[in-house]
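In this note's numbering, the protein residues as written are 17 to 155. Only one structure is covered here, and it is reproduced in the block below.
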């Protein structure tokens, strides 16, 4: 249970007894993301309602089904150079499938160009050429 307490920021007041919450926690742990890394990046489980999700993404359902009724969402805030949130992206737990049968793992803002995920800490060292920069795939 102490392990769960370490991830309290990520869990964002979601009940650990929820099987999808457990699946989301296992997903970030499998990725090697520590509680400290998640908190520094402000990555956590989405706590809002369908209205907030629709405001952020432009939609809150897939194939006519409410996303929040079938999934938990890992929320990734995307920061601009001024260190303010410019958009959000979400990882679906579990993945869903589109009308074409393709797996949907991540959600991005509808009808807006994609922006790269740049961790907040990266902006603070953008002018320091002596600092290493690692480029990786995905959030």
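Heads up, the beta-carbon is just placed ideally off N, CA and C, and yes, glycines get one too.
Collapsed DSSP secondary structure at residue i in the structure displayed
i           : result
residue 59  : coil
residue 46  : helix
residue 88  : strand
residue 120 : strand
residue 110 : strand
residue 66  : helix
Nearest-angstrom Cα separation, counted from residue j out to residue i
i           : j           : result
residue 70  : residue 76  : 5 Å
residue 132 : residue 99  : 14 Å
residue 19  : residue 97  : 34 Å
residue 144 : residue 135 : 16 Å
residue 45  : residue 35  : 15 Å
residue 21  : residue 49  : 15 Å
residue 86  : residue 111 : 10 Å
residue 42  : residue 23  : 11 Å
residue 65  : residue 84  : 8 Å
Closer than 8 Å to chain C by CB, residue i
i          : result
residue 25 : Among the protein chains of the structure shown there is no chain C, as only one such chain exists.
Sub-8 Å separation of residue i and residue j beta-carbons
i           : j          : result
residue 118 : residue 74 : no
Buried versus exposed call for residue i [16 or more other C-beta atoms within 10 Å across all chains shown]
i           : result
residue 156 : Within the shown structure, residues of the chain are numbered from 17 to 155, placing residue 156 beyond reach of any answer.
residue 107 : buried
residue 59  : buried
residue 141 : exposed
residue 147 : exposed
residue 63  : exposed
Cut-off 8 Å between Cβ atoms - residues of its own chain near residue i, not counting five sequence neighbours on either side
i           : result
residue 61  : 26, 27, 28, 30, 37, 40, 88, 89, 90 and 91
residue 114 : 78, 79 and 120
residue 149 : 138
Neighbourhood of residue i by C-beta distance below 7 Å, restricted to the same chain and skipping five residues each side
i           : result
residue 124 : 105 and 130
residue 57  : 135 and 136
residue 52  : none
residue 81  : none
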